[in-house]
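Chains as they are written, first to last, in our numbering: chain A, 2 to 156; chain B, 925 to 1051.
Here is the structure:
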């Protein structure tokens, strides 16, 4: 997988969390994911087309998203409900948008769809492309979350 | 025009973004904040509410923010209505398209409340 396609998503994740929720997110060691199992409690996935075809997913543990969504909204959220899922969707939207902006500056023009939100223990994430899925864990003061990016070999 | 005398409509398909923008506008002391999930719903609300400012997302189902902007500007009553576009579409072509359609100002996601307030003050200056 072309690292030039991946890095903008990681930079965008840290930038969006810092700007919108004042949360420092530190990327850990990337690894190739071999199955569809989500390593968290709530996810959003967004399809990507254009110069490359694939998808990006954002996966949060319940502990982490409750605090990050509260920081994002400026209100204390106390239960995992549709509003929390919606926050994951909007974060996914913004991260993908920011990554696409970064890529467009280098000549790679991508379009994105509307995020799909999935929640629950042991849920699955179905990426669009059959290619390798790169997962990058991020650490924050509120817990960890994961960014997954998968692109196919051809647009 | 002082913010405390103004009614604003926030148009976004994501409840989270409406809430983020609502909280910023509330802190800026706007008089009334109404919400719509897309451009079509917002056009209906414009018929029944006196609105002084539109804050709209770009990417929405049913009617995009750009289409909504064009429909607003095509109506003589709203030709000069301040319109702030909130967008993840920071590509030059998109911005040019919005400027051509007479957007008052735009803000690219992600943004901080400070940047939002600065963009707003450029279209509705506060003494």
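Idealized CB from N, CA, C, for every residue including glycine.
Sorting A:44, A:68, A:91 and A:15 by C-alpha distance to the C-alpha of residue 943 of chain B places A:91 at the top. Interface residue (Cβ-Cβ distance to chain B less than 8 angstroms): residue 74 of chain A is classified as such. For residue 986 of chain B, same chain residues with a beta-carbon under 6 angstroms away, outside a window of 5 residues either side, are 962 and 964 in chain order.
Cβ proximity to chain B below 7 angstroms picks out 16, 17, 20 and 21 from the stretch 7-25 of chain A. Here residue 83 of chain A is not bridged, per DSSP, to any residue.
Here residue 933 of chain B is bridged, per DSSP, to B:958 and B:978. At least one CB atom of chain B sits nearer than 8 angstroms to the CB of residue 99 of chain A. Flagged as an interface residue toward chain B: residue 91 of chain A, by a C-beta distance shorter than 8 angstroms.
In this structure residue 1047 of chain B is exposed. Its beta-carbon is surrounded by fewer than 16 other beta-carbon atoms within 10 angstroms. Cβ contact annotation for residue 129 of chain A (same chain, cutoff 8 angstroms, sequence separation greater than five): 48, 49, 54, 55, 56, 151 and 153, in chain order.
Your pair residue 139 of chain A and residue 29 of chain A checks out as a contact, with CB atoms roughly 7 angstroms apart and the cut at 8 angstroms.
Secondary structure of residue 1035 of chain B (DSSP, three-state): coil. Contact check between the stretch 937-952 of chain B and the stretch 72-89 of chain A: three or more CB pairs, one atom from each, fall below 8 angstroms, which counts as touching. A Cβ of chain B is located within less than 8 angstroms of the beta carbon of residue 87 of chain A. The shortest CA-to-CA distance from residue 1049 of chain B to any of B:1033, B:1029 and B:1034 is the one to B:1029. With a cutoff of 8 angstroms on beta-carbon distance, residue 990 of chain B and residue 1021 of chain B are scored as near each other.
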